[in-house]
Amino acid sequence: MGDLYGKVAVITGGTRGLGFGIARALSRAGAAVVVASRSQNSVDEAVQLVRSEGGQASGMVVDVANLEDMERLAHCAISKYDRLDIWVNNAGSSGPYGPTLELDPQDFNLIVRTNIIGVYYGSRTAMEYFIKQQSGKLINVLGRGYERPVPWQNAYGASKAWMLSFTKALANETKDSGVGVFAFNPGMVLTEMLTDVKVIEGAEERLTIFPTIVRMWARPAEIPAKKVVWLASAATDGKTGLLVNSFSPWVMLGGALKEGCRVLTNKPAKSDGIKIEAISPYKRDFAVKESD
Ligand SMILES: NC(=O)c1ccc[n+]([C@@H]2O[C@H](COP(=O)([O-])OP(=O)(O)OC[C@H]3O[C@@H](n4cnc5c(N)ncnc54)[C@H](OP(=O)(O)O)[C@@H]3O)[C@@H](O)[C@H]2O)c1
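To convert a position in the sequence shown, counted from 1, into this note's numbering, add 36.
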C-alpha cells in the first residue's frame with residue numbers, strides 16, 4: 037500500500053509528458069487520479085494507461101484558462117471519489133524560441149493564459165476546497181526562468197517567475213490553514229516541450245547547442261515525478277511554502293561527465309528525436325496617420 041492510499045489527485049496537463057509521469061507516480065503511490073487536458077483522445081488514452089496498471093483514474097477535457105472548466109474538474113474529482121486532496125498545476129505552454137519583439141502576440145497570449153491565468157484558476161479552485169477541509173496539497177510546476185530572466189524565451193521565463201512569486205505569497209497568506217502550497221521545479225524533462233521546438237527565423241543559431249544540453253540534462257518524467265509524490269505525502273505536513281528543486285548541481289555534473297566521456301571515446305550520440313521548426317517573425321505594419 038502506497039503513501040497516498042485513499043487520496044484523490046487532480047493533475048492538469050496530466051495526459052502526456054511530465055503531467056502523465058506525475059499521474060502515474062501518484063497512482064502507483066495509491067492515489068486515485070483525475071487527469072485533464074484539451075484533447076479527448078489524449079485524456080482517454082492516459083486514463084486507460086493508468087487503469088491498465090491497476091490504478092483508479094478518470095479524466096476530463098478542460099482548458100486551464102477557463103475558470104468554469106477548473107470548477108467542473110474539481111467537481112468531477114469529488115463526485116467520482118468523494119474527496120480532493122492533491123492538485124498539481126502542471127499544464128504549461130512554452131511558445132517559440134526567439135526575440136521577444138518578434139513573437140506573435142497570440143503565442144505570448146497563449147503562454148500567459150496557460151501558465152499564469154491557468155495556474156491562478158487552478159489554485160483558487162483547489163484552495164476553496166482545501167481551506168474548507170483544512171487539508172490538501174497544492175503543487176505548482178515551475179520551469180526555466182523562475183530564478184532569473186530568460187532572454188529568447190522571455191514570456192515563458194517571466195511566467196514561471198510570476199508563478200514562484202504567486203505560490204509563495206499564497207502559501208504565506210494561508211499558512212495557518214493546514215493546507216500545503218508548494219512550488220516545484222522538475223529540471224529538464226524529456227517531453228514534447230523539449231523535442232518539438234519552434235524557433236523564430238534568425239534565432240536558429242542560438243539553438244545549435246540545444247541537442248547537447250538535452251542529452252546532458254534532460255531526464256525521464258519518472259524521476260521528477262517521485263519528488264511530487266513526496267510533496268503530496270504526509271512528509272510535507274506543516275511545511276507550506278516549500279520550493280523543491282529536482283535539478284541539482286550533481287545532476288548537472290553527472291550529465292556533463294557522461295557527455296564528456298561519450299565525446300572522448302568517440303561514441304555516436306543517441307538519436308535525440310528533437311525537431312526544430314523555423315517560423316516567420318511576427319511583423320505588423322502600423323499605419324501612422326499623418327496629422328492634417
Ligand atoms: N519539459 C521540460 O523540460 C520542463 C522543464 C521545466 C518545467 N516544465 C514544466 O512542466 C510542465 C509540463 O511540461 P511538459 O514538458 O510535460 O509539456 P508537454 O509535453 O507539452 O505537455 C503539456 C501538457 O499540458 C496540457 N496543456 C497545455 N495547455 C493546456 C491548457 N490550456 N489546458 C489544459 N491542458 C493543457 C497538454 O495537453 P493538450 O495539449 O492536449 O491540452 C499536455 O498534457 C509545464 O508547466 C512546463 O513548463 C517542463
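Just so you know, even glycine gets a beta-carbon here, dropped at the ideal spot from N, CA and C.
- Message: Distance check for Asn-126 and Thr-210, CA to CA, integer angstroms please.
- Response: 21 angstroms
- Task: Determine, using beta carbons only, whether Trp-253 and Gly-193 come nearer to each other than 7 angstroms.
- Result: no
- Message: Once DSSP output is grouped into helix, strand and coil, what is the label at Arg-255?
- Response: strand
- Task: Note down, in chain order, each residue of its chain lying with its Cβ closer than 6 angstroms to the Cβ of Val-233, except the 5 sequence neighbours on either side.
- Result: Ile-312
- Query: Cα-Cα, which of Gly-216, Glu-228, Pro-222 and Leu-226 is closest to Pro-260?
  - Reply: Pro-222
- Below 8 angstroms, can you find three or more Cβ-Cβ pairs linking the stretch 145–154 to the stretch 94–105? yes
- Item | Proximity winner among Arg-74, Tyr-165, Ala-93 and Gly-179, relative to Arg-64 (alpha-carbon distances) | Ala-93
- List the whole-angstrom C-beta distance separating Ile-147 from Ala-45, where the pair is believed to meet the contact cut-off of C-beta under 8 angstroms. The pair is not a contact, with the Cβ atoms about 25 angstroms apart (cut-off 8 angstroms).
- Task: Indicate whether the contact test is met: 3 or more Cβ pairs, each with one atom in the stretch 53–62 and one in the stretch 264–280, closer than 8 angstroms.
- Result: yes
- Proximity test, Thr-248 beta-carbon vs ligand 1 heavy atom, cut-off 6 angstroms: no
- Just list the beta strand (DSSP E) runs in the stretch 122–204, keeping only unbroken ones of 3 residues or longer that don't cross its boundaries, in chain order. 122–125 and 173–177
- Item | Buried versus exposed, by CB contacts within 10 Å (16 or more), Met-288 | exposed
- Which two residues bound the contiguous alpha helix (DSSP H) that contains Glu-81? 76–88
- Task: Measure the alpha-carbon distance for Ala-205 versus Glu-237 and round it to whole angstroms.
- Result: 38 angstroms
- Query: For Gly-66 versus Leu-40, is the C-beta spacing smaller than 7 angstroms?
  - Reply: yes
- Do Asp-99 and ligand 1 come close, with the Cβ less than 6 angstroms from some heavy atom? yes
- Task: Could you tell me whether the Cβ atoms of Val-215 and Leu-230 are closer together than 7 angstroms?
- Result: no
- Message: Are there any heavy atoms of ligand 1 lying less than 6 angstroms away from the beta-carbon of Met-229, as far as the coordinates show?
- Response: yes
- Message: What does the alpha-carbon distance come out to for the pair Ala-110 and Asp-308?
- Response: 37 angstroms
- Query: Under a Cβ-count criterion, where at least 16 other Cβ atoms within 10 Å of its own Cβ denotes burial, should Ser-284 be classed as buried or exposed?
  - Reply: exposed
- Determine the DSSP secondary structure at Asp-232, reduced to helix, strand or coil. strand
- Per-residue DSSP class, three states only, for Asn-302: coil
- Exposed or buried, what is Phe-218 when buried is set at 16 or more other beta-carbons lying within 10 Å of its beta-carbon? buried
- Message: Within 10 Å of its beta-carbon, does Ser-73 have 16 or more other beta-carbons around it, so buried, or fewer, so exposed?
- Response: buried
- Message: Classify Gln-189: buried if its beta carbon has 16 or more other beta carbons within 10 angstroms, exposed otherwise.
- Response: buried
- Message: Shorter than 6 angstroms, the distance from the beta carbon of Met-224 to the closest heavy atom of ligand 1, or not?
- Response: yes
- Task: Put Ile-315 into one of helix, strand or coil per three-state DSSP.
- Result: strand
- Reducing DSSP to helix, strand and coil, say where Phe-218 ends up. strand
- Item | Same chain only: Cβ atoms within 7 angstroms of Ile-167, ignoring 5 sequence neighbours per side | Thr-210, Ser-213 and Val-215
- Item | DSSP bridge partner residues for Met-96 (one or two, in chain order) | Ala-72
- Take the Cβ of Ser-88 as the centre, count every other Cβ of all protein chains shown within 10 Å, and call the residue buried at 16 or more, exposed below. exposed
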